[in-house]
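Read the structure below first, then the notes.
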Amino acid sequence: MQSEIMFAGFGGQGILLIGKVLAHAAMEEGYEVAWVPSYGPEMRGGTAYCTVVISDRPIGSPIIKNPLHLVAMNGPSLQKFAPTVKKGGIIFINSSLIAFGSNRDDVDELQVPVVDIAKDLGSVKAANIVALSAFVSRSGIVPMETLKTCIKEEFSKKPKLIPLNMAAVAAGEKAARK
Amino acid sequence: MAKVLMKGNEAIGEAAIRAGCLNYFAYPITPQSEVAEYLVRRMPEVGGVFLQGESEVAVGYMIFGAAGAGERVFTTSSSPGISLMSEAISYIAAAQCPAVFVNIMRGGPGLGGILPSQADYLQATKGIGHGDCRLLVMAPASVQEAVEMVMKAFPLAEKYRNPVMILGDGLIGQMMEPVEFPDDLKTEPTNKDAWATNGMDHRKGITRNLVKSLFLDPVQLNDNNLALKAKYDRMRAEEVMSESYHIDCDYQGLIVSYGTMSRVCRTAIDMLAAEGIDVGMVRPQTVFPFPEKAVAEAAMKPSCTHVLSIEMSMGQMIEDVERSVKGRVPVSWYGKCGGDIPTPEEVIDVVKQRIA
Chain R
0 MQSEIMFAGF
10 GGQGILLIGK
20 VLAHAAMEEG
30 YEVAWVPSYG
40 PEMRGGTAYC
50 TVVISDRPIG
60 SPIIKNPLHL
70 VAMNGPSLQK
80 FAPTVKKGGI
90 IFINSSLIAF
100 GSNRDDVDEL
110 QVPVVDIAKD
120 LGSVKAANIV
130 ALSAFVSRSG
140 IVPMETLKTC
150 IKEEFSKKPK
160 LIPLNMAAVA
170 AGEKAARK
Chain V
0 MAKVLMKGNE
10 AIGEAAIRAG
20 CLNYFAYPIT
30 PQSEVAEYLV
40 RRMPEVGGVF
50 LQGESEVAVG
60 YMIFGAAGAG
70 ERVFTTSSSP
80 GISLMSEAIS
90 YIAAAQCPAV
100 FVNIMRGGPG
110 LGGILPSQAD
120 YLQATKGIGH
130 GDCRLLVMAP
140 ASVQEAVEMV
150 MKAFPLAEKY
160 RNPVMILGDG
170 LIGQMMEPVE
180 FPDDLKTEPT
190 NKDAWATNGM
200 DHRKGITRNL
210 VKSLFLDPVQ
220 LNDNNLALKA
230 KYDRMRAEEV
240 MSESYHIDCD
250 YQGLIVSYGT
260 MSRVCRTAID
270 MLAAEGIDVG
280 MVRPQTVFPF
290 PEKAVAEAAM
300 KPSCTHVLSI
310 EMSMGQMIED
320 VERSVKGRVP
330 VSWYGKCGGD
340 IPTPEEVIDV
350 VKQRIA
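Heads up: the protein sequence lines correspond to chains R and V, in order.
Residue 0 is where the first sequence starts when you use numbering that gives the first Met the number 0, and the numbers rise one by one after that.
Residue 0 is where the second sequence starts when you use numbering that gives the first Met the number 0, and the numbers rise one by one after that.
See below:
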């Protein structure tokens with residue numbers, strides 16, 4: 000069994016980081032993982048995206064044209080990548096910044112206003128963790144406890160940020176349940 | 000040791016330290032600058048040295064200097080940077096000094112692009128510098144394999160007193176995968192008193208050592224070339240590494256592919272097998288010396304009607320594949336170059352057109 004998740008948005012939204020945290024959590028769960036960033040000649044403020052491949056056997060091609068799931072943090076990413084998502088996958092939409100849907104009826108679409116939620120928690124910077132938590136909660140791709148452990152580890156050098164990010168995890172989980 | 004999730008470039012830097020190399024000289028270039036970014040912080044922690052040269056030309060000779068003094072030393076660069084180092088690499092090979100060069104290939108020729116490529120195959124395996132010089136060249140297909148190859152590269156460079164190259168594509172440097180640094184690959188630098196210019200204080204009374212690449216006497220120069228040739232022949236006999244995939248069946252065709260491209264091919268082979276089309280693969284892990292025997296044997300299987308060399312270049316490794324197969328089975332090339340890595344579906348289409 001192999002899952003591929005594409006995280007996409009603007010540079011600066013913490014896209015690469017949430018991909019890395021998910022890859023780390025899946026590795027801790029004993030899966031084979033690969034994290035592949037986009038490192039093309041992108042413009043400042045342009046799109047940033049990465050793909051995480053999670054598998055129960057050695058990963059062949061780490062280059063994925065059709066991911067199983069998409070986490071879209073801005074409109075251009077949703078427009079560009081929504082048509083590439085495999086049937087039956089999850090399309091996560093940051094509805095704080097995206098006013099339209101995926102236009103797909105063969106996927107599980109999840110809209111969460113992650114920027115608004117993060118603002119309420121005290122910092123817009125936690126929006127990426129809200130999105131990651133909501134996605135993981137909906138997909139069940141790794142246990143929430145493992146995700147929390149890996150987020151804590153990611154922020155271990157900035158322990159002041161851990162309570163905010165734990166609140167972001169809780170809020171994301173709640174939003175995905177609705 | 001538990002696995003850690005690391006970017007290929009960072010893992011390469013850490014692997015060199017674990018292999019006992021405390022000297023790193025480099026000049027930044029995408030897509031491998033993270034090696035320097037990692038080591039500028041990490042080298043001081045272990046008492047090592049990171050020095051940025053003013054250019055790759057300078058870096059090449061900094062490597063030569065440290066290697067000639069008997070130190071374990073390495074550098075990392077990407078295609079155009081390696082071209083600038085090639086003069087020094089030839090000198091280092093001629094002077095028989097051990098050193099490790101990592102080339103995280105980007106698209107070329109010229110400045111080309113910054114995305115993954117395998118277009119330096121011929122340069123690395125046949126034309127790395129002027130004169131009769133060769134490198135032992137290993138090509139990793141995962142971050143873990145990159146780590147292991149870097150750790151093996153230092154003792155191999157010392158075994159042969161010759162530069163060793165790790166030939167990775169941009170994706171190997173940029174991708175994160177779980178890695179561990181095997182303790183059994185840790186080695187101690189060998190004693191180099193017999194030839195290195197490492198000072199006379201600890202070996203008084205012995206003739207001075209001289210590290211040089213200039214041999215004006217034709218007999219001496221020929222002798223030096225014969226000594227180098229003997230080493231390259233020994234590499235061909237002792238260091239060939241390759242891995243086979245899906246060859247325990249009557250496959251209709253054989254793919255030869257290395258690095259990231261071989262992983263795409265592995266996925267394509269699995270998808271084809273699900274459709275009832277069997278294709279085998281030989282993945283060279285050393286590209287010099289090339290696994291001629293493994294490729295020839297796999298190609299000669301009676302069921303095999305075609306051999307495909309699939310590369311992220313315009314057909315470079317195919318010259319070694321053809322040389323190995325010796326015209327006994329048709330050989331053709333497929334590839335893309337510029338950063339757009341062929342997908343498993345594209346590989347499948349090519350297999351179906353030419354083989355199935």
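By construction, the Cβ of each residue, glycine as well, lies at the ideal position given by its N, Cα and C atoms.
Which residue's Cα is closest to the Cα of Ile88/V: Asp216/V, Val239/V and Ser212/V?
-> Nearest C-alpha to Ile88/V among Asp216/V, Val239/V and Ser212/V: Ser212/V.
Gly8/R, DSSP secondary structure in three states | Three-state DSSP puts Gly8/R in a strand.
Partners in chain R for Thr266/V, counting only beta-carbon separations shorter than 7 Å | Neighbours of Thr266/V across chain R, judged by C-beta separation under 7 Å: Gly59 and Ser60.
Mind checking if Ile340/V is an interface residue toward chain R, Cβ cutoff 8 Å exclusive?
-> The C-beta of Ile340/V comes closer than 8 Å to at least one C-beta of chain R.
Beta-carbon proximity of Thr285/V to Met137/V, cut-off 8 Å | Between Thr285/V and Met137/V, the C-beta spacing is below 8 Å.
Using three-state DSSP, classify Cys264/V as helix, strand or coil.
-> In this structure, Cys264/V counts as helix in the three-state DSSP scheme.
Within this structure, are the beta carbons of Ser241/V and Ala293/V separated by less than 8 Å?
-> Result yes, Cβ atoms of Ser241/V and Ala293/V sit closer than 8 Å.
Residues bridged to Glu310/V by DSSP?
-> Beta bridge pairing from DSSP links Glu310/V with Gly334/V.
Three or more C-beta pairs closer than 8 Å, one from the region 81 to 98 of chain V and one from the region 35 to 50 of chain V: is that the case here?
-> No, the region 81 to 98 of chain V is not in contact with the region 35 to 50 of chain V.
Leaving out five residues before and five after Met148/V in sequence, what residues of the same chain have Cβ atoms less than 7 Å from its Cβ?
-> Cβ neighbours of Met148/V beyond the five flanking positions: Met137, Pro139 and Ile165.
In terms of alpha-carbon separation, which member of Gly169/V, Gly80/V, Cys264/V and Ala355/V lies closest to Ser37/R?
-> Closest option to Ser37/R, Cα to Cα, is Gly169/V.
Evaluate the contact criterion for the region 319 to 335 of chain V versus the region 213 to 229 of chain V: three or more CB pairs, one atom per stretch, below 8 Å.
-> Touching, no, given that fewer than three Cβ pairs across the two stretches are closer than 8 Å.
Can a CB atom of chain R be found closer than 8 Å to the CB of Leu253/V?
-> For Leu253/V, the answer is no, since every Cβ of chain R falls outside 8 Å of its Cβ.
Cutoff 8 Å: Tyr48/R Cβ touching any chain V Cβ | For Tyr48/R, the answer is no, since every Cβ of chain V falls outside 8 Å of its Cβ.
Answer with buried or exposed for Gln95/V, where buried requires no fewer than 16 other C-beta atoms within 10 angstroms of its C-beta.
-> Around the beta carbon of Gln95/V, 16 or more other beta carbons lie within 10 angstroms, which makes this residue buried.
Is the Cβ of Val70/R closer than 8 Å to any Cβ of chain V?
-> No, Val70/R does not count as interfacial toward chain V.
Measure from the alpha carbon of Ile91/V to the alpha carbon of each residue in Pro108/V, Val58/V and Pro79/V, then state which is nearest.
-> Selection Pro108/V, Val58/V and Pro79/V evaluated against Ile91/V yields Val58/V as nearest (Cα-Cα).
Listed in chain order, which residues of the region 166 to 193 of chain V have Cβ atoms closer than 8 Å to some Cβ of chain R?
-> Residues Gly169, Leu170, Gln173, Met174, Met175, Glu176 and Pro177.
In terms of residues, what are the limits of the alpha helix (DSSP H) holding Ile347/V?
-> Start and end: Pro343 to Arg353.
Residues near Gly109/V in its chain [Cβ-Cβ closer than 8 Å; skip 5 each side] | Cβ within range, chain order: Pro79.
C-alpha distance - Thr342/V paired with Ser54/V, whole-angstrom precision = Thr342/V and Ser54/V: Cα-Cα distance of roughly 36 Å.
Kindly give me the distance between the Cβ atoms of His68/R and Cys149/R, rounded to whole angstroms, as I take these residues to be in contact under 8 Å.
-> Not really, about 18 Å apart at Cβ, beyond 8 Å.
Contacts around Asp319/V, its chain only, beta-carbon distance under 6 Å, and the 5 residues preceding and following it disregarded = Excluding sequence positions up to five before and after Asp319/V, its CB lies within less than 6 Å of the CB of Phe289, all in the same chain and listed in chain order.
In whole angstroms, what is the alpha-carbon distance linking Leu163/R and Ile128/R?
-> The C-alpha of Ile128/R is placed about 10 Å away from the C-alpha of Leu163/R.
Per DSSP, which one or two residues make a beta bridge with Phe73/V?
-> Partner(s): Tyr23/V and Val99/V.
Less than 8 Å between the CB atoms is what I'm expecting for Ser76/V and Asn102/V, so what's the real figure, rounded?
-> Ser76/V to Asn102/V, Cβ: 6 Å. Contact.
Return yes when the Cβ of Thr29/V is within less than 8 Å of the Cβ of Ile113/V, no when it is not.
-> Yes.
Rank Ala68/V, Val328/V and Val281/V by C-alpha distance to the C-alpha of Thr189/V and give the top, closest one.
-> If we check each option's Cα against that of Thr189/V, Ala68/V comes out closest.
Three-state secondary structure assigned by DSSP to Lys6/V | Three-state DSSP puts Lys6/V in a strand.
Contact set between Pro36/R and chain V, taken where Cβ atoms lie within less than 7 Å = Those are Gln173, listed as they occur along chain V.
Any C-beta of chain R under 8 Å from that of Val263/V | Proximity of Val263/V to chain R, defined by a Cβ-Cβ separation below 8 Å, is satisfied.
Interface flag, Tyr277/V vs chain R, CB-CB below 8 Å = Inspection of the sequence shows that residue 277/V is occupied by Asp rather than by Tyr. Contact with chain R is absent for Asp277/V, since none of that chain's Cβ atoms lies less than 8 Å from the residue's Cβ.
Determine the extent of the alpha helix (DSSP H) in which Gly279/V is found, giving its start and end residues.
-> That residue, Gly279/V, is in no alpha helix (DSSP H); its beta strand (DSSP E) goes Val278 to Pro283.
What residues from chain V crowd round Lys157/R, counting only those whose CB sits closer than 7 Å?
-> Residues of chain V with a Cβ closer than 7 Å to the Cβ of Lys157/R do not exist, since the nearest Cβ in that chain sits about 17 Å away.
Closer than 7 Å by beta-carbon distance: list the chain R residues that pair up with Pro343/V, in chain order.
-> Within chain R, the residues placing a beta-carbon under 7 Å from that of Pro343/V are Ser60, ordered along the chain.
Compare the C-beta of Met0/R with all C-beta atoms of chain V and state if any pair is closer than 8 Å.
-> It does not: the Cβ of Met0/R has no partner Cβ on chain V nearer than 8 Å.
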